[in-house]
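Okay, structure first, notes after.
Protein chains: 2
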Amino acid sequence: MTEIPPRPTLEAVAARAGVSRATVSRVVNGGEGVRRPLVEKVRRAVEELGYVPNQAARSLVTRRHDAIAVVIAEPEVRVFADPFFGLQLRGISKELTARDCQLVLLLTEGRADHARVGRYLSGGHVDGALVFSLHLDDPLPELVRRAGMPTVFGGRPGWGEGTRSAVYVDSDNRGGAREAVRHLVGLGRRRIAHITGALDQTSAVDRLDGFRDVMVDVAPGLIAEGDFTPAGGERAMRLLLERHPDLDAVFAANDLTASGALRVLRAQGRRVPEDVAVVGFDDMLTVAEQTDPPLTTVRQDIEEMGRLMARLLLRHLDGRGGGPDGDGAPGVGGGPTSVVLPTTLVRRASA
Amino acid sequence: MTEIPPRPTLEAVAARAGVSRATVSRVVNGGEGVRRPLVEKVRRAVEELGYVPNQAARSLVTRRHDAIAVVIAEPEVRVFADPFFGLQLRGISKELTARDCQLVLLLTEGRADHARVGRYLSGGHVDGALVFSLHLDDPLPELVRRAGMPTVFGGRPGWGEGTRSAVYVDSDNRGGAREAVRHLVGLGRRRIAHITGALDQTSAVDRLDGFRDVMVDVAPGLIAEGDFTPAGGERAMRLLLERHPDLDAVFAANDLTASGALRVLRAQGRRVPEDVAVVGFDDMLTVAEQTDPPLTTVRQDIEEMGRLMARLLLRHLDGRGGGPDGDGAPGVGGGPTSVVLPTTLVRRASA
DNA sequence: CTGAAAGCGCTAACAA
DNA sequence: TTGTTAGCGCTTTCAG
Numbered sequence: 001m002t003e004i005p006p007r008p009t010l011e012a013v014a015a016r017a018g019v020s021r022a023t024v025s026r027v028v029n030g031g032e033g034v035r036r037p038l039v040e041k042v043r044r045a046v047e048e049l050g051y052v053p054n055q056a057a058r059s060l061v062t063r064r065h066d067a068i069a070v071v072i073a074e075p076e077v078r079v080f081a082d083p084f085f086g087l088q089l090r091g092i093s094k095e096l097t098a099r100d101c102q103l104v105l106l107l108t109e110g111r112a113d114h115a116r117v118g119r120y121l122s123g124g125h126v127d128g129a130l131v132f133s134l135h136l137d138d139p140l141p142e143l144v145r146r147a148g149m150p151t152v153f154g155g156r157p158g159w160g161e162g163t164r165s166a167v168y169v170d171s172d173n174r175g176g177a178r179e180a181v182r183h184l185v186g187l188g189r190r191r192i193a194h195i196t197g198a199l200d201q202t203s204a205v206d207r208l209d210g211f212r213d214v215m216v217d218v219a220p221g222l223i224a225e226g227d228f229t230p231a232g233g234e235r236a237m238r239l240l241l242e243r244h245p246d247l248d249a250v251f252a253a254n255d256l257t258a259s260g261a262l263r264v265l266r267a268q269g270r271r272v273p274e275d276v277a278v279v280g281f282d283d284m285l286t287v288a289e290q291t292d293p294p295l296t297t298v299r300q301d302i303e304e305m306g307r308l309m310a311r312l313l314l315r316h317l318d319g320r321g322g323g324p325d326g327d328g329a330p331g332v333g334g335g336p337t338s339v340v341l342p343t344t345l346v347r348r349a350s351a
Numbered sequence: 001m002t003e004i005p006p007r008p009t010l011e012a013v014a015a016r017a018g019v020s021r022a023t024v025s026r027v028v029n030g031g032e033g034v035r036r037p038l039v040e041k042v043r044r045a046v047e048e049l050g051y052v053p054n055q056a057a058r059s060l061v062t063r064r065h066d067a068i069a070v071v072i073a074e075p076e077v078r079v080f081a082d083p084f085f086g087l088q089l090r091g092i093s094k095e096l097t098a099r100d101c102q103l104v105l106l107l108t109e110g111r112a113d114h115a116r117v118g119r120y121l122s123g124g125h126v127d128g129a130l131v132f133s134l135h136l137d138d139p140l141p142e143l144v145r146r147a148g149m150p151t152v153f154g155g156r157p158g159w160g161e162g163t164r165s166a167v168y169v170d171s172d173n174r175g176g177a178r179e180a181v182r183h184l185v186g187l188g189r190r191r192i193a194h195i196t197g198a199l200d201q202t203s204a205v206d207r208l209d210g211f212r213d214v215m216v217d218v219a220p221g222l223i224a225e226g227d228f229t230p231a232g233g234e235r236a237m238r239l240l241l242e243r244h245p246d247l248d249a250v251f252a253a254n255d256l257t258a259s260g261a262l263r264v265l266r267a268q269g270r271r272v273p274e275d276v277a278v279v280g281f282d283d284m285l286t287v288a289e290q291t292d293p294p295l296t297t298v299r300q301d302i303e304e305m306g307r308l309m310a311r312l313l314l315r316h317l318d319g320r321g322g323g324p325d326g327d328g329a330p331g332v333g334g335g336p337t338s339v340v341l342p343t344t345l346v347r348r349a350s351a
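Just so you know, the sequences run in chain order A and P.
Every letter in the first sequence is one number past the one before it in UniProt numbering, and letter 274, counting from 1, is 274.
Every letter in the second sequence is one number past the one before it in UniProt numbering, and letter 267, counting from 1, is 267.
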């Protein structure tokens with residue numbers, strides 16, 4: 001059995017460099033106010049011993065962790081089949097990395113996990129949280145509020161407790177939807193259908209509202225409920241064609257949904273866009289550029305949303321001394337405030 | 001300004017319950033060897049004060065963190081456009097959650113980040129690491145070895161230093177590839193082409209080897225290099241059709257690649273599977289079931305791979321007292337050993 | 001500019 | 001069974 005080589009401590013480095021622990025600490029933390037020759041000596045000792053600070057000890061006194069939690073509610077398989085979260089995570093990760101802050105990922109699989117997440121957030125592991133609050137009745141917003149944890153939400157949270165003052169980053173779902181539908185109208189389409197997303201998510205509701213803003217007197221039969229998946233898009237498209245064989249356009253709540261709809265349209269011999277024009281939402285390149293025909297869609301910069309969330313949270317954290325306190329909502333007291341990013345229509349071949 | 005309400009400590013709970021800190025600690029950690037009435041009293045005090053243990057303080061003395069790192073090298077955009085990692089993460093998360101262990105996600109964007117990751121792993125944040133070593137020359141294996149961090153790899157790592165004794169979980173890429181190609185042969189196909197994955201990843205190399213095992217004397221022109229993306233599949237497919245217009249089957253290194261190939265085949269008027277049979281790899285449902293025609297493919301249980309990685313690591317961690325020591329490789333000394341999971345051929349319409 | 005000393009909140013021997 | 005006592009490794013006043 002190999003012996004356990006004990007990690008060198010500050011003490012050891014201090015001894016080796018012939019200085020006090022305090023001096024080593026100063027050097028390790030930037031070296032402000034330490035004379036050059038000493039800095040050199042300490043640096044060398046650190047190097048030789050392979051010293052790495054113990055974060056637990058450091059956090060214990062500083063009450064900082066340089067880590068933030070990303071909480072993703074994952075009630076459905078969809079979450080990871082969809083590149084959406086991956087892109088968002090990527091944006092977050094980039095921003096955090098630049099600040100030497102770690103990303104702790106908390107995936108929750110339904111109610112049972114909420115207690116665990118609550119415990120974790122209150123346990124003093126992280127300085128803040130980024131929460132993707134997928135569902136309208138999600139208890140997560142209330143939970144982070146109680147934990148007193150500075151939090152930024154991804155997407156406008158539902159209308160639960162503690163949501164009112166919540167800080168979030170979202171796309172202009174409603175405005176984007178309006179633009180999509182207006183584009184279809186501009187193309188001369190009149191019988192425009194909508195396949196919604198999962199209606200327990202605000203993004204789906206907002207896009208539906210945007211659709212209605214333009215199609216004020218739409219026949220109820222022209223709206224079919226989907227769930228943001230290709231399969232949902234197929235089902236809804238079939239239903240729509242049954243109810244309104246004369247429809248001439250479809251606005252789908254996201255690109256995945258649109259891809260399902262396209263398949264059904266083709267299978268039923270409708271030409272796109274000649275017979276039926278189709279517009280999606282997201283501009284997820286792996287989907288929108290790969291469909292046949294390529295998809296006209298509403299672009300939202302998903303990675304940028306992630307970056308922005310991280311940036312907002314970090315800025316708030318900077319504005320306060322140390323760890324979590326009672327004032328969990330970064331929106332309160334002149335802190336950061338929610339951001340709604342604009343969307344743009346990307347024209348391809350489907351409309 | 002709201003006053004910062006200081007978190008209650010063990011001390012506070014002890015005072016309130018009229019016992020010593022030690023007793024509270026015992027109760028909080030399971031309550032072994034504490035008489036009932038006291039347990040009750042302490043529990044009540046904990047409840048009333050809303051006490052939550054400070055993990056930094058705990059880790060400082062126990063040298064456990066109940067957290068493991070998942071390191072994903074992400075040199076390309078591909079990583080998150082591909083549901084692969086999401087599924088794997090999901091499996092890992094499930095297993096860790098069941099053990100009240102947290103998942104710290106480290107995304108690395110190229111060389112610059114390696115130092116950061118190394119520092120993190122040596123910094124005493126986590127008890128072990130799960131590493132996805134995507135590329136043959138990846139420095140990550142050597143890095144975790146030096147950090148003395150118990151590690152399990154996702155996919156057979158390349159042949160760098162410290163890889164020899166590495167523990168990993170992988171699919172039987174070579175065997176799966178053989179099965180795919182034999183299936184095509186069994187269908188009477190003779191001019192079978194292969195679109196490889198990114199050849200700096202062992203999975204791509206292994207699948208190519210499997211292809212060669214069956215097609216011993218294959219014309220070099222029937223092998224085209226891809227990169228696991230649909231776009232790569234398209235490029236490779238076009239090249240193959242140019243070089244060998246008479247090919248009658250294609251084995252693609254993964255489903256995404258196959259989907260690209262299918263598009264090119266259709267665009268060029270080849271019927272699938274009548275003119276050209278196509279087999280993929282992965283059985284990624286969101287891809288394989290959505291292609292036209294649905295894809296015959298080699299199934300690997302990706303989520304299970306993730307679970308298994310986590311299980312292997314946790315088992316190893318259990319077998320040792322506390323934190324990381326010098327013996328980083330779980331494979332050494334009767335610990336867990338690598339696992340290669342079997343694959344199965346899933347027949348759909350494309351071959 | 002540097003060192004000495006006092007904890008951060010918790011667990012784990014050891015005593016009682 | 002319970003309490004007392006030392007620290008875990010680090011930062012941070014406060015003297016010098």
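By construction, the Cβ of each residue, glycine as well, lies at the ideal position given by its N, Cα and C atoms.
Starting from residue i, trace the beta strand (DSSP E) in both directions and tell me its first and last residue.
| i | result |
| --- | --- |
| P/V346 | T344 to V346 |
| A/T151 | T151 to G154 |
| P/G280 | A277 to D282 |
| A/H194 | I192 to I195 |
| A/A204 | It is not in any beta strand (DSSP E) - A/A204 instead sits in the alpha helix (DSSP H) that spans T202 to V214. |
| A/R299 | T296 to R299 |
| A/A249 | A249 to A252 |
| P/L199 | Neither: P/L199 is in no beta strand (DSSP E) and is coded neither H nor E. |
| A/L341 | V339 to L341 |
My guess is that residue i and residue j are in contact by the Cβ rule of under 8 angstroms, so how many angstroms apart are they, rounded?
| i | j | result |
| --- | --- | --- |
| P/N254 | P/G280 | 6 angstroms |
| A/V169 | A/M305 | 5 angstroms |
| A/L121 | A/A69 | 6 angstroms |
| A/L38 | A/R16 | Going by Cβ atoms, the distance from A/L38 to A/R16 rounds to 13 angstroms, so no, they are not a contact pair. |
| A/G158 | A/G210 | Between A/G210 and A/G158 the Cβ distance is about 18 angstroms, and since that is not below 8 angstroms, they are no contact. |
| P/I195 | P/A166 | Not really, about 29 angstroms apart at Cβ, beyond 8 angstroms. |
| residue 354 of chain A | A/I92 | One cannot answer for residue 354 of chain A here, as it falls past the ends of chain A, which runs 1 to 351. |
| P/A180 | P/L295 | At roughly 11 angstroms, the Cβ-Cβ gap does not stay under 8 angstroms, so P/A180 and P/L295 are not in contact. |
| A/D100 | P/R111 | Wrong, their Cβ atoms sit about 17 angstroms apart, outside the cutoff. |
| P/G197 | P/F228 | 5 angstroms |
| residue 406 of chain A | A/V34 | One cannot answer for residue 406 of chain A here, as it falls past the ends of chain A, which runs 1 to 351. |
Looking at the secondary structure, which residues open and close the alpha helix (DSSP H) in which residue i lies?
| i | result |
| --- | --- |
| P/D318 | I302 to D318 |
| A/V264 | D255 to A267 |
| P/A351 | Run containing P/A351: none; DSSP gives neither H nor E here. |
| P/A236 | P230 to R243 |
| P/L184 | N173 to G186 |
| A/V272 | No alpha helix (DSSP H) holds A/V272; DSSP gives it neither H nor E. |
| P/L285 | L285 to A288 |
Q: Check each residue of the UniProt domain "HTH lacI-type" (8–62) of chain P: if its Cβ is closer than 7 angstroms to any Cβ of chain A, include it; give the result in chain order.
A: Residues passing the 7 angstroms Cβ filter: V52, P53, N54, Q55, A56, A57, S59 and L60.
Q: Inspect the CB distances between the stretch 127–136 of chain A and the stretch 182–196 of chain A and report whether three or more fall short of 8 angstroms.
A: no
Q: Please list the residues of the stretch 151–180 of chain P that have a C-beta atom closer than 9 angstroms to any C-beta atom in chain A, keeping them in chain order.
A: Of all residues in the stretch 151–180 of chain P, none has a Cβ within less than 9 angstroms of some Cβ in chain A.
Q: For the UniProt domain "HTH lacI-type" (8–62) of chain A, list the beta strand (DSSP E) runs that are entirely contained and at least 3 residues long, ordered along the chain.
A: Secondary structure remark: continuous beta strand (DSSP E) runs of at least 3 residues inside the UniProt domain "HTH lacI-type" (8–62) of chain A: none found.
Q) Of all the beta strand (DSSP E) runs that stay within the bounds of the stretch 80–166 of chain P, which reach a length of 3 or more residues? A) 102–108, 128–132 and 151–154
Q. Using a beta-carbon distance cut-off of less than 8 angstroms, what residues from the stretch 95–115 of chain P approach chain A?
A. Against chain A - using a Cβ distance shorter than 8 angstroms - the residues of the stretch 95–115 of chain P are T97, D100, Q102, L103, V104, L105, L106, L107, E109 and D113.
Q: With 8 angstroms as the C-beta to C-beta threshold (strictly closer), list the residues of the stretch 224–240 of chain P near chain A in chain order.
A: The stretch 224–240 of chain P vs chain A, Cβ under 8 angstroms: P230.
Q) If we count Cβ pairs, one from each stretch, closer than 8 angstroms, do we get three or more for the stretch 295–304 of chain A versus the stretch 336–350 of chain A? A) yes
Q. Quick one: any contact between the stretch 309–316 of chain A and the stretch 277–297 of chain A, if contact means 3 or more CB pairs under 8 angstroms?
A. no
(Q) Using a Cβ-Cβ cutoff of 8 angstroms, what residues of the stretch 117–133 of chain A are near chain P? List them in chain order. (A) Under the 8 angstroms Cβ criterion, the stretch 117–133 of chain A contributes R119, Y120, S122, G123, G124 and H125.
Q: Select from the stretch 192–223 of chain A all residues with a C-beta closer than 9 angstroms to any C-beta belonging to chain P, and list them in chain order.
A: none
Q | Contacting positions in the stretch 288–322 of chain A - beta carbon closer than 8 angstroms to chain P | A | Against chain P - using a Cβ distance shorter than 8 angstroms - the residues of the stretch 288–322 of chain A are Q290 and D292.
Q.
Taking 8 angstroms as the cut-off, does the stretch 229–241 of chain A touch the stretch 258–265 of chain A (at least 3 CB pairs, one atom from each stretch)?
A. yes
Q: Could you tell me whether the stretch 50–62 of chain P touches the stretch 57–68 of chain A, using the rule of 3 or more Cβ pairs below 8 angstroms?
A: yes
Q.
Taking 8 angstroms as the cut-off, does the stretch 40–49 of chain P touch the stretch 10–28 of chain P (at least 3 CB pairs, one atom from each stretch)?
A. At 8 angstroms Cβ cutoff, the stretches touch.
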